[in-house]
Amino acid sequence: MRNYELVIVISPTEEDESVTDLIDQVSKLVEERGGSLGDVDRWGKRKLAYPIKGFSEGNYILARFESGAGLIKEINAMLKASSMVLRHLVIKVDG
């Protein structure tokens with residue numbers, strides 16, 4: 035098992051309930067594949083460095099989780115398919 039951090043930038047027009055549903059989907063996917071979701075920090079709305087899909091700000095979320103390497107492709111595919119996600123990034127954390 036490896037430690038990862040996931041940062042998701044969500045459209046600022048999405049309701050809190052939709053954001054919570056997306057976090058629950060990620061959590062369910064991680065746990066179904068034998069991993070565990072750690073901290074989930076909601077950073078809230080922040081200004082973007084440049085406009086993405088016409089938005090100048092986004093709703094940021096940071097999630098820490100532990101899983102095998104094969105799960106990363108599934109998470110990337112799920113988030114890429116979501117219309118509410120402007121950008122996302124998964125990084126491996128050493129240690």
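Just so you know, the sequence shown maps onto residues 35 to 129 in the working numbering. Even glycine gets a Cβ: it sits at the ideal position worked out from N, Cα and C. Everything numeric in this text was worked out from a predicted model, so none of it was measured.
Where residue 52 sits in the DSSP three-state scheme: One-based indexing of the sequence shown puts residue 52 at position 18. Per DSSP, reduced to three states, the secondary structure at residue 52 is helical.
Residues of its chain near residue 67, where Cβ-Cβ distance is below 8 Å and the 5 sequence neighbours each way are ignored: One-based indexing of the sequence shown puts residue 67 at position 33. The beta carbon of residue 67 sits closer than 8 Å to the beta carbons of 101, 102, 104, 105 and 108 from its chain, once the five residues preceding and following it are set aside; these are given in chain order.
Residues sharing a beta bridge with residue 88, DSSP: Residue 88 sits at position 54 when you count from the first residue of the sequence shown. DSSP, once it has assigned bridges, lists no residue as partnering residue 88.
Rounded straight-line distance, which links the Cα of residue 90 to that of residue 57: In the sequence shown, counting from the first residue as 1, residue 57 sits at position 23. In the sequence shown, counting from the first residue as 1, residue 90 sits at position 56. For residue 57 and residue 90, the distance between alpha carbons rounds to 22 Å.
Test item: CB-CB of residue 44 and residue 119 under 7 Å: Walking along the sequence shown from the start, residue 44 turns up at place 10. Walking along the sequence shown from the start, residue 119 turns up at place 85. In this structure, residue 119 lies closer than 7 Å to residue 44 by Cβ.
Cβ pair residue 95, residue 42 closer than 7 Å: Counted from its first residue, the sequence shown places residue 95 at position 61. Counted from its first residue, the sequence shown places residue 42 at position 8. A contact, by the Cβ cut-off of 7 Å.
Residue 50 versus 81, 77 and 128, residue with shortest Cα-Cα distance: Taking the first residue of the sequence shown as 1, we reach residue 50 at position 16. It is 77.
Other residues of its chain near residue 81: CB distance less than 8 Å, five sequence neighbours each side excluded: Against the sequence shown, residue 81 aligns to sequence position 47. Counting only Cβ-Cβ distances below 8 Å, and skipping sequence neighbours, we find 90 and 91.
Beta-carbon gap between residue 127 and residue 97 smaller than 7 Å: Taking the first residue of the sequence shown as 1, we reach residue 127 at position 93. Taking the first residue of the sequence shown as 1, we reach residue 97 at position 63. No, Cβ-Cβ distance for residue 127 and residue 97 is not below 7 Å.
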